[in-house]
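First residue of the sequence shown? That's 1 in UniProt numbering, and the numbers climb one at a time after it.
Beta carbons are placed, not taken as given, at the ideal position from N, Cα and C, and that holds for glycine.
Working notes, structure below.
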Amino acid sequence: MGGQFEPTDCEPVSRVAIVIPYKNREHNLRVFLYNMHPFLQKQRLKYTIFVVEQVNSDKFNKGKVNNAAFIEIIQKPTKNFTLASDFECVVYHDVDLLPTSYMNLYTCPEKRPKHLSILVGKIDYRSFYPILIGGVIFFKFENYLQVNGYSNRFWGWGGEDDDMYYRLDGTRLGFDRPSNNTIYKMLRHTTQKRNMKRFKILKEIKNKQHDDGLNTVNYKLKSIFKYRLFTHLVIDVGQPDVN
1 MGGQFEPTDC EPVSRVAIVI PYKNREHNLR VFLYNMHPFL QKQRLKYTIF
51 VVEQVNSDKF NKGKVNNAAF IEIIQKPTKN FTLASDFECV VYHDVDLLPT
101 SYMNLYTCPE KRPKHLSILV GKIDYRSFYP ILIGGVIFFK FENYLQVNGY
151 SNRFWGWGGE DDDMYYRLDG TRLGFDRPSN NTIYKMLRHT TQKRNMKRFK
201 ILKEIKNKQH DDGLNTVNYK LKSIFKYRLF THLVIDVGQP DVN
């Protein structure tokens with residue numbers, strides 16, 4: 001119940017909180033859940049899948065959703081969740097990406113963040129720009145705190161993942177990319193409207209992560225419900241600034 005699993009015949013290899021930032025992707029979500037549970041269970045992981053859904057704004061703000069998820073699941077877990085100490089790391093996972101090999105290991109990183117979605121089928125299995133850091137990324141909790149989470153300023157498609165690259169670089173934390181087996185299939189979906197201000201915002205906030213992120217996010221938790229295949233959090237992240 002709640003998208004939780006723990007192996008009964010051995011100690012789990014890792015204990016992972018899997019966060020799916022979500023808005024209007026019902027078909028993708030069904031396909032994702034159908035494929036990911038067998039994949040994760042075969043790796044002998046203890047895990048919970050959290051679908052964190054944004055409401056009340058047409059423009060998606062993935063950074064805000066991810067920050068709200070970290071606070072609700074890791075920093076102040078309630079009676080609805082297992083204790084945060086039951087997890088070793090959090091992975092932020094796009095709902096339209098599926099791993100193609102069981103050798104793509106979803107174990108927690110040892111020291112610093114781990115980026116897995118390097119090669120994606122829709123783009124001919126090539127990393128299409130050097131600062132690519134979106135899609136599937138693992139954080140130890142202290143690493144996420146060190147970079148102050150994601151920026152809250154990016155509404156619409158694009159920007160928040162590039163900013164995360166600069167946060168990891170600016171704090172000298174960096175990240176790892178496994179060299180093999182990290183190939184993903186991208187599920188078909190309607191392309192979101194691009195954030196036309198993303199490059200301007202990136203320039204404005206570069207190296208200013210302490211003023212924008214986990215410590216400044218505003219949101220309201222509207223509801224929590226445990227379905228069989230996932231735990232559903234509904235988050236109101238407000239509306240974008242008019243400027």
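Give the range of the beta strand (DSSP E) segment to which residue i is assigned.
i: tyrosine 165; result: No beta strand (DSSP E) holds tyrosine 165; the alpha helix (DSSP H) holding it covers 160 to 170.
i: isoleucine 183; result: 183 to 186
i: serine 223; result: 220 to 226
i: proline 99; result: 97 to 99
Would you list the one or two residues that DSSP bridges to residue i?
i: alanine 17; result: Thr48, Val90
i: lysine 114; result: Phe138, Asp176
i: glutamine 54; result: Ile235
i: tyrosine 22; result: Glu53
How is residue i classed by DSSP in three states: helix, strand or coil?
i: residue 245; result: An answer regarding residue 245 cannot be provided, because it is not within the stretch 1 to 243 covered by the chain.
i: asparagine 235; result: In the sequence as presented, asparagine is not what sits at residue 235; that position holds isoleucine. In the structure shown, isoleucine 235 sits in a strand (DSSP, three-state: E or B).
i: phenylalanine 5; result: strand
i: glutamate 72; result: helix
i: tyrosine 125; result: Since pLDDT at tyrosine 125 reaches only 48, below the 50 mark, its modelled position is unreliable, and the value read off the structure follows with that caveat. If DSSP states are grouped into helix, strand and coil, tyrosine 125 belongs with coil.
i: aspartate 176; result: strand
i: glutamate 119; result: According to the sequence as given, residue 119 is leucine; it is not glutamate. In the structure shown, leucine 119 sits in a strand (DSSP, three-state: E or B).
i: leucine 214; result: coil
i: lysine 62; result: helix
i: glutamate 204; result: helix
i: leucine 145; result: helix
i: asparagine 104; result: coil
i: asparagine 152; result: coil
Using C-beta distances below 6 Å, list every residue in its chain close to residue i, excluding the 5 sequence neighbours before and after it, in chain order.
i: phenylalanine 230; result: Gly3, Ile49, Val51
i: phenylalanine 32; result: Val95
i: leucine 92; result: It should be pointed out that residue 92 corresponds to tyrosine in this sequence rather than to leucine. Result list for tyrosine 92: Val19, Asn66, Ile137, in chain order.
i: asparagine 181; result: Ser101, Met103, Asn104
i: serine 57; result: Gln239
i: residue 244; result: Nothing in the structure corresponds to residue 244, since the chain is present only between 1 and 243.
i: valine 121; result: Rather than valine, the amino acid found at residue 121 in this sequence is glycine. Cβ neighbours of glycine 121 beyond the five flanking positions: Lys185, Met186.
i: leucine 29; result: Val95
i: serine 117; result: Leu97, Gly135, Val136, Tyr184
Residues in the same chain with beta-carbon distance under 8 Å from residue i, minus the five sequence neighbours each way, listed in chain order, please.
i: asparagine 148; result: Arg167, Gln209, His210, Asp212, Gly213, Leu214, Asn215
If I measure Cβ to Cβ from residue i and keep anything under 7 Å in the same chain, skipping five residues before and after, which residues do I get?
i: asparagine 218; result: Gly238
i: isoleucine 131; result: Asp162, Tyr165
i: phenylalanine 139; result: Cys89, Val90, Pro113
i: leucine 45; result: Pro12, Val13, Ser14, Val16, Tyr106
i: leucine 202; result: Gly159, Asp162, Asp163
i: serine 151; result: Gly63, Glu160, Asp163, Ile205, Asp212, Gly213
i: proline 109; result: Cys89, Phe138, Lys140, Asp176
i: methionine 1; result: Lys226, Arg228
Just curious, the alpha helix (DSSP H) that residue i is in, first and last residue?
i: proline 38; result: 26 to 42
Report yes or no: is there a C-beta of chain D within less than 9 Å of the C-beta of residue i?
i: histidine 210; result: The structure shown contains no chain D; it holds only a single protein chain.
Residue i: beta carbon under 8 Å from a heavy atom of the ligand HEM?
i: isoleucine 133; result: The model on display carries no ligand, and the ligand HEM is accordingly not part of it.
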